[in-house]
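Protein chains: 2
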Amino acid sequence: MPPTAGLRERKKQRTRDTIVRKAMALFRKRGFDATTVADIAAAADIAPRTFFAYFETKEAVVFHDFDAIRDRFAERLRARSADETTFDALRAWVVEWLEEEDLLSPQHEARHELVRTTPALQARERDNQAAFGAIIAESVAGELGVPVDSLRPRMVGAAAVSALAALDHADAAALEDPVAVVDEALAFLQGGLDVLRRRPAPSS
Amino acid sequence: MPPTAGLRERKKQRTRDTIVRKAMALFRKRGFDATTVADIAAAADIAPRTFFAYFETKEAVVFHDFDAIRDRFAERLRARSADETTFDALRAWVVEWLEEEDLLSPQHEARHELVRTTPALQARERDNQAAFGAIIAESVAGELGVPVDSLRPRMVGAAAVSALAALDHADAAALEDPVAVVDEALAFLQGGLDVLRRRPAPSS
DNA sequence: GGGCATGTTTGCAGCGACTGCAACAATGCG
DNA sequence: CGCATTGTTGCAGTCGCTGCAAACATGCCC
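Sequence order for the protein chains is Z and U.
So the first sequence is numbered by the numbering used here: it starts at 4 and just counts up by one.
So the second sequence is numbered by the numbering used here: it starts at 4 and just counts up by one.
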């Protein structure tokens, strides 16, 4: 017997999975906005009202696994060893994460496409990214011994998150070696942005 | 006679101002969510349906001046002189902007408080910040001679925007000299983040 | 000043996300 | 088998937002 809990729990989990699966299928076929909660409920064979016992909003279905990922990430950063910087831990986490998640899988593709083409979902995604940024900022702030909401940790968090976002964004070559993208990003952050020094006046 | 256009235009502008004023007053008093569009319409003495001829969404009222600011900013960056870096132009723009906008005015205070306490508005604000980030990224990309959506411009844009956001966020001292905040941020970006080098193992 | 084109305001009906509530059903447990 | 707990459902309602078509105002030309 698997280490599952009571029958009740398993049933709930199965229902939840069904909702996600059917909903995503509908989103893919008709688009996010054109799919109503009633449609999803019908497809998952539950009452419309019941949908909201499983997900707070229609959007939440698309990001059903975000909370878990975020929490694991926060835990990973918090539990890093004493000689490990935030950046070390961040890089390690990305590597781990990429090992178990195939960014090229049809599911990831479809989800990404959906988010990319739906404003409401983009907004939600930015929320999620902001949460990641805050976690990184918190860790960096601890490292620097400054307040969590001070300037530099926030900037580092924002920049790091935009680098993570570039992973999804990578349009071809990069996906072959996503870790390289991360390394470039971290090197860029650490090395400074002095690519932006004064530019020469036009040679005329 | 002022250089105003026809009577029609002026009337529309007055109605628009009235909506903004009355809506903000209601938001402050009752909160954003607790204020309905019907309430705003009643306060501004228009039909509920008419509200949507002026603003696409209830949220748009809070950010009624964003589009103009963003466009002016984009224009400023695009029109910068040949020996001016993106960072130079960014700094100059902030200085200009701070001269005409008083961040400590009751209006800014109230608006900021509203955004800070309303999730829906925070999401919208992130949209706006993302727009700024994209503009900065575009400019930086041009400077570096790389594609607009490549890694480094995006990171710079994100970091710069988070520095701008820190301006709003500044809870006391910083507001006395906001330009100093910007200078610190830009110096940080340019100088690199090597505050984050490997941290010493505990001396044990 | 009398029309006429054009732009604005309004009411109405309707959709869809989401909520509170109360009845009902299933489950877990002694 | 009964009982408490937890999950499911239907109902009625609120609110943001939209399409449509009828009234209404304005600018303009004759």
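Cβ atoms here follow ideal geometry from the backbone N, Cα and C, with glycine treated the same way.
Bear in mind the structure is a predicted one, so any value in this text is a computation, not a measurement.
Measure the alpha-carbon distance for residue i versus residue j and round it to whole angstroms.
i: A140 of chain Z; j: R17 of chain U; result: 44 Å
i: K32 of chain U; j: D152 of chain U; result: 42 Å
i: L189 of chain U; j: H115 of chain Z; result: 33 Å
i: T120 of chain U; j: D36 of chain U; result: 10 Å
i: R200 of chain Z; j: A137 of chain U; result: Per-residue confidence for R200 of chain Z stands at a pLDDT of 45, beneath the threshold of 50, marking its modelled position as unreliable; the derived number appears in the next sentence. So the two alpha carbons sit approximately 20 Å from each other.
i: A163 of chain Z; j: T21 of chain U; result: 42 Å
i: A63 of chain Z; j: A85 of chain U; result: 47 Å
i: G34 of chain Z; j: L93 of chain Z; result: 34 Å
i: D186 of chain U; j: E104 of chain U; result: 18 Å
i: R79 of chain Z; j: A123 of chain U; result: 30 Å
i: F191 of chain Z; j: V182 of chain U; result: 25 Å
i: L170 of chain Z; j: R13 of chain Z; result: 34 Å
i: S165 of chain U; j: R83 of chain U; result: 22 Å
i: V149 of chain U; j: K15 of chain U; result: 44 Å
i: A45 of chain U; j: V98 of chain U; result: 39 Å
i: P109 of chain Z; j: E102 of chain Z; result: 16 Å
i: E59 of chain U; j: A50 of chain U; result: 15 Å
Buried or exposed: residue i, going by 16 or more other Cβ atoms within 10 Å of its Cβ?
i: Q132 of chain Z; result: buried
i: K61 of chain U; result: buried
i: A95 of chain Z; result: exposed
i: A47 of chain U; result: buried
i: A71 of chain Z; result: exposed
i: R81 of chain Z; result: exposed
i: A144 of chain U; result: buried
i: T38 of chain U; result: buried
i: G9 of chain Z; result: exposed
With 9 Å as the threshold, decide whether the Cβ of residue i is near any Cβ in chain U.
i: V97 of chain Z; result: no
i: M158 of chain Z; result: yes
i: A37 of chain Z; result: no
i: E187 of chain Z; result: yes
Using CA coordinates, which residue listed in the options is at the minimum distance from residue i?
i: A113 of chain Z; options: Z:K15, Z:A82, Z:A26; result: Z:A26
i: I43 of chain U; options: U:G34, U:A56, U:L29; result: U:L29
i: P156 of chain Z; options: Z:D68, Z:A82, Z:F55, Z:Q193; result: Z:Q193
i: L107 of chain U; options: U:D180, U:R19, U:E12; result: U:D180
i: L147 of chain Z; options: Z:L117, Z:D130, Z:A169, Z:T88; result: Z:T88
i: F55 of chain U; options: U:R19, U:V149, U:V98; result: U:R19
i: R1 of chain U; options: U:R52, U:H67, U:K15, U:R24; result: The structure shown does not extend to residue 1 of chain U, since chain U is modelled only from 4 through 207, so no value can be given for it.
Could you check what DSSP says for residue i in three-state terms: helix, strand or coil?
i: H111 of chain Z; result: helix
i: E62 of chain Z; result: helix
i: E187 of chain Z; result: helix
i: V149 of chain Z; result: coil
i: R83 of chain U; result: coil
i: T21 of chain U; result: helix
i: P89 of chain U; result: Rather than Pro, the amino acid found at residue 89 of chain U in this sequence is Thr. Helix.
i: E104 of chain U; result: coil
i: A46 of chain Z; result: helix
i: V97 of chain Z; result: helix
i: A144 of chain Z; result: helix
i: F35 of chain Z; result: coil
For chain Z, check one thing: does any of its Cβ atoms lie closer than 9 Å to the Cβ of residue i?
i: L154 of chain U; result: yes
i: D70 of chain U; result: no
i: R81 of chain U; result: no
i: F66 of chain U; result: no
i: R73 of chain U; result: no
i: V118 of chain U; result: no
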